[in-house]
Structure formats: structure tokens, C-alpha cells
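Peer 1:
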Amino acid sequence: MKIYEVRRLEKVYGKNAARGIALDGINLTINKGEMVAIVGKSGSGKSTLLNLLAGLIPLTQGSILFKQENMSEFKDKQMASYRNKNIGYIVQNFGLISTMTVLKNVLLPMKRKKDVAKALVILKQLGMDEKANKYPYELSGGERQRVAIARALINDPDVILADEPTGALDSENGANLMKIFKSLNQNGLTLVIVTHDEGIASQCNHRIKLKDGKVIEDIVVNQ
1 MKIYEVRRLE KVYGKNAARG IALDGINLTI NKGEMVAIVG KSGSGKSTLL
51 NLLAGLIPLT QGSILFKQEN MSEFKDKQMA SYRNKNIGYI VQNFGLISTM
101 TVLKNVLLPM KRKKDVAKAL VILKQLGMDE KANKYPYELS GGERQRVAIA
151 RALINDPDVI LADEPTGALD SENGANLMKI FKSLNQNGLT LVIVTHDEGI
201 ASQCNHRIKL KDGKVIEDIV VNQ
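FYI, my numbering numbers position 194 of the sequence shown as 194, with every residue one higher than the one before it.
Quick look at the structure:
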């Protein structure tokens, strides 16, 4: 099943002399259950692509289909619903709110009190249930990243989108994070990971390489 179909996608910033092409007519498909690595040097368009898949920025030309629905045609409420119900987004520096406890950070996307029990189950699965009432400044980098993962999982998303998720971690915590991602993927979750780390990319079963806003490599590996 196709999760994303990207066709002739362009993203241009600025106008005239200040015009910059971030993505230049790219085509790609991401299928359900894949763990995808998007790789490339700084400025290649990796994070721009991820932000477009997340519906955080508008495209310039082309189309992105999510489960055969054209995201460009989503109204504001549809886009908000897509982001809240279908994707979990993990940013490089965790994106935790320092004045909120671990539990409240995880519950941020949710509205119902009964979601507390669900959040605690997810935290326990990630080995963080005993830190539920701690604040981000009381946690290590690896622990903060696990809280960010828990928050991304709280809405039972179809896809996890992760932007350089190991960028702020040491090698040990980075390896632990990949173990978590692989476990989630083995349970059927689709993951799209922007990374500059070839070691991370080698553990994914679909590798997309960008250069100057173009796809120069798109390989699916059966692992």
C-alpha cells in the first residue's frame, strides 16, 4: 500500500534574484511498513522534503498524495487533522517544553483525560515510566529523545517523520534509538528518517539520496 506518492514536486523560496530552488521536480513513493532513510549533504533538500510530507510548508509545484489523497487540496481543518492523527513528527532537538513534565509533554497532542493511561503505557514500553513526573532538564539526551518518540506515538500515527533524530545524541544513545525505531518498524509502523549518518541509513530498507534538490538515488532493499 502506498503511503506517499510524490510527483514532480518543486519547492522554491524567494523571487527573482533571491530565488532558490530547494526541491527540483522530484518523484518518489513510500510504501506502508518501510523504514526510509532520506540522505544527502546539507542544503540538498532533505528537511524541506520532510516538512512538505508533514504538511508544515506549502509546495510550489507538483503533488503529494497521502493514501491517494492530494494534500494540496486539504483545507486548514483537514491539514490539522492529518498532522494530528496520521503522523508523528520528531525534531532533532527533541522539541520538549521545559515547563512541562515528561507526561504532559507526551500528552501535548491529546485532549482526553483517559489518554493519560495510554501515555504511561507508551512511556513504560520505552523505559521512561518512572520519569513521568520529571522535567526535561532532569533527563539525559537519550531520555529526552525517548520522550519525543513517546509523544510522536501517542496518536497511533500511520507514519513517523524524524528529522536528524540522532543528531543531538552520542553514539550509544543513537544506537539505542535505532533499536527502538527498528522495533516499531517490525510492528508495522512506517518511518521516514532524515539523516546524514550512513550508519543509520544502512539500517533502513529504503534509501533516498538527494543532491541539489533532486533525487539521485532511490533504492529499496529487502532486509
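A virtual CB, placed ideally from N, CA and C, is assigned to each residue, including glycine.
Whose C-alpha, out of Glu-130, Ser-72 and Leu-96, is nearest the C-alpha of Gln-61?
Peer 2: Nearest option by C-alpha distance: Ser-72.
Peer 1: Within 10 angstroms of its Cβ, does Asn-70 collect 16 or more other Cβ (buried), or is it exposed?
Peer 2: Asn-70 should be labelled exposed.
Peer 1: Can you give the beta carbon distance from Cys-204 to Met-79, rounded, assuming they're within the 8 Å contact cut?
Peer 2: Not confirmed; about 27 Å, so no contact.
Peer 1: If you draw a straight line from the C-alpha of Asp-237 to the C-alpha of Leu-65, how long is it?
Peer 2: Outside the shown range of the chain (1 to 223) lies residue 237, about which nothing can therefore be said.
Peer 1: Which residue wins for smallest C-alpha separation from Tyr-13, given the options Ala-37, Leu-59, Ser-42 and Thr-195?
Peer 2: When each option's Cα is compared against that of Tyr-13, the closest is Leu-59.
Peer 1: Closer than 7 Å by C-beta to Leu-96: which residues in its own chain qualify, once you throw out the five before and the five after it? Chain order, please.
Peer 2: Same-chain partners within the cutoff: Asn-105, Pro-136, Arg-144, Val-147 and Ala-148.
Peer 1: Could you tell me the boundaries of the alpha helix (DSSP H) in which Glu-143 lies?
Peer 2: Its alpha helix (DSSP H) spans residues 141-153.
Peer 1: Sort Lys-214, Val-220, Asp-218 and Asn-222 by Cα distance to Glu-10 and report the nearest one.
Peer 2: The shortest C-alpha separation from Glu-10 is found at Lys-214.
Peer 1: Less than 8 Å between the CB atoms is what I'm expecting for Val-6 and His-196, so what's the real figure, rounded?
Peer 2: That belief does not hold up - the Cβ atoms of Val-6 and His-196 are roughly 21 Å apart, past 8 Å.
Peer 1: When the distance is taken between beta carbons, is Gly-88 closer than 8 Å to Ala-152?
Peer 2: Taking 8 Å as the Cβ cut-off, Ala-152 and Gly-88 qualify as a contacting pair.
Peer 1: What is the rounded straight-line gap between the Cα of Glu-198 and the Cα of Asp-163?
Peer 2: Straight-line Cα distance between these residues: approximately 15 Å.
Peer 1: Among the candidates Ala-18, Lys-15, Ser-171 and Leu-28, whose CA atom is the shortest distance from the CA of Leu-210?
Peer 2: Selected option, being the one with the closest Cα: Leu-28.
Peer 1: Per DSSP, what kind of secondary structure is Met-100 in: helix, strand or coil?
Peer 2: It is coil, neither helix nor strand.
Peer 1: Keeping to the same chain, check which residues put their C-beta closer than 6 Å to that of Ala-206; ignore five residues upstream and five downstream.
Peer 2: Correcting the residue identity first, residue 206 is His in this sequence and not Ala. Cβ within range, chain order: Glu-34, Val-36 and Val-220.
Peer 1: So within the segment 49-82, which uninterrupted beta strand (DSSP E) runs reach at least 3 residues, ignoring any that extend past its ends?
Peer 2: As far as the segment 49-82 is concerned, its whole beta strand (DSSP E) runs of at least 3 residues are 61-66.
Peer 1: Name the two residues that bound the continuous beta strand (DSSP E) containing Gly-25.
Peer 2: Element bounds for Gly-25: 20-31.
Peer 1: Could you give the distance in angstroms between the alpha-carbon of Pro-165 and the alpha-carbon of Ser-81?
Peer 2: C-alpha separation (whole angstroms): 24 Å.
Peer 1: In angstroms with no decimal places, state the Cα-to-Cα distance between Leu-177 and Ala-168.
Peer 2: Approximately 12 Å, taken between the alpha carbons.
Peer 1: Helix, strand or coil for Tyr-135 per DSSP?
Peer 2: The answer is coil: DSSP assigns Tyr-135 none of H, G, I, E or B.
Peer 1: Which term fits Leu-123, buried or exposed, when burial requires 16 or more other beta carbons within 10 angstroms of its beta carbon?
Peer 2: Leu-123 is buried by the Cβ-count criterion.
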